[in-house]
Amino acid sequence: NEAAAFPISYATAYLAICDFGGLRKGHKVLIQAAAGGVGWAATQLCHTVEDVTVYGTSSASKFSLTQRNGVNHPIDYHVEDFVDVVKRMEPKGVDIIMDCLSGGEFTRARALLKPMGRAIHIGISSMVWGQYFRPWKTFKTWWQTKLVNVYNLSKDSQAICGLSLAAVSEKEPHRMLDVMQHLTELYEQGKLKPHIDSEWPFAEVAKAMEQIIERRNVGKVILLPPEEHKKSLSSQGTRE
1 NEAAAFPISY ATAYLAICDF GGLRKGHKVL IQAAAGGVGW AATQLCHTVE
51 DVTVYGTSSA SKFSLTQRNG VNHPIDYHVE DFVDVVKRME PKGVDIIMDC
101 LSGGEFTRAR ALLKPMGRAI HIGISSMVWG QYFRPWKTFK TWWQTKLVNV
151 YNLSKDSQAI CGLSLAAVSE KEPHRMLDVM QHLTELYEQG KLKPHIDSEW
201 PFAEVAKAME QIIERRNVGK VILLPPEEHK KSLSSQGTRE
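Just so you know, we're using UniProt numbering here: the sequence shown kicks off at 1 and counts up by one.
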């Protein structure tokens, strides 16, 4: 089950934090949704490098787990403004922001970047709530982020990046192979470990999706194949 929880989250986090972000010793990192699968992976990757400080947003009920995973400064997005908290703790700003919210929050987060800082956008959480896709919110998000002011980026010496794991996998397969080999080495060294929030049979896929969409999970939600499929996989493995 850890194998099912590992590739997508950890590859996304690695490309965002390590490749785009250029993670190095002494960096300050803000991870939005630190209790999610990618946020969980990104936090662990941050601590494969010496003296990295991690700020992570989540609900307060998830603080004990995210702190145990390596978040140095948890931020409750229900009651605190993450921009105010980070500015107070890091007046000079942060080096890396990993964002999955989009829209106005992404725009506000950019104000936290240091010179040479990088904001990496990996998702569209702000466009979805519950089981519904929100057209008005989607339009608002697009409107708030449709223009990237190159002059301001140059003036402030900052970068904004967008990441699609599917695009990298399709167009740069050798890069993905290198990433997975490196991640596997870190896993074997005990530096990375997925957290499985819950496991669900295929018959309850709707409930599993609800767990994710309503943001109740910490780490990955796993779907279990039907028993007959398990037996088929098992027999294939035996023949091999």
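The beta-carbon is built from N, C-alpha and C at its ideal position, and this holds for glycine as well.
From a predicted model like this one, the values you see are computed outputs, not experimental measurements.
So what's residue i in DSSP terms, helix, strand or just coil?
i           : result
residue 299 : Since the first residue shown for the chain is 1 and the last is 240, residue 299 is missing from the structure and cannot be characterised.
residue 35  : coil
residue 84  : helix
residue 114 : strand
residue 43  : helix
residue 30  : strand
residue 74  : strand
residue 157 : coil
residue 53  : strand
residue 218 : coil
residue 150 : helix
residue 59  : coil
residue 192 : coil
residue 177 : helix
residue 20  : helix
residue 163 : coil
residue 94  : strand
residue 15  : helix
residue 8   : helix
residue 101 : coil
residue 213 : helix
Give a yes or no on whether the C-beta atoms belonging to residue i and residue j are separated by under 8 Å.
i           : j           : result
residue 242 : residue 190 : The question about residue 242 has no answer here: the residues shown for the chain are numbered 1 through 240.
residue 122 : residue 16  : yes
residue 59  : residue 78  : yes
residue 11  : residue 165 : yes
residue 194 : residue 50  : no
residue 29  : residue 18  : no
residue 89  : residue 31  : no
Would you kindly work out how many angstroms separate the C-alpha atoms of residue i and residue j, rounded to a whole number?
i           : j           : result
residue 118 : residue 93  : 11 Å
residue 206 : residue 66  : 26 Å
residue 196 : residue 7   : 13 Å
residue 151 : residue 113 : 16 Å
residue 211 : residue 35  : 13 Å
residue 81  : residue 226 : 44 Å
residue 71  : residue 163 : 23 Å
residue 186 : residue 48  : 9 Å
residue 76  : residue 108 : 17 Å
residue 174 : residue 9   : 18 Å
residue 167 : residue 120 : 15 Å
residue 213 : residue 149 : 32 Å
residue 74  : residue 52  : 15 Å
residue 183 : residue 96  : 20 Å
residue 170 : residue 216 : 31 Å
Our contact map puts residue i next to residue j with C-beta atoms below 8 Å; I'd like the distance itself, whole angstroms only.
i           : j           : result
residue 157 : residue 115 : 4 Å
residue 43  : residue 26  : So it is not a contact: roughly 17 Å between Cβ atoms.
residue 100 : residue 38  : 7 Å
residue 85  : residue 111 : No, residue 85 and residue 111 are not in contact; Cβ-Cβ is about 13 Å, not under 8 Å.
residue 13  : residue 222 : With a Cβ gap of about 18 Å, residue 13 and residue 222 do not count as contacting.
Mind checking whether the beta-carbon of residue i lies closer than 7 Å to any heavy atom of the ligand ADP?
i          : result
residue 62 : Ligands displayed in this structure: none; no statement on the ligand ADP is therefore possible.
contact_flag[the stretch 20 to 30, the stretch 193 to 201] where n(CB pairs < 8 Å) is 3 or more: Output reads no: the stretch 193 to 201 does not touch the stretch 20 to 30.
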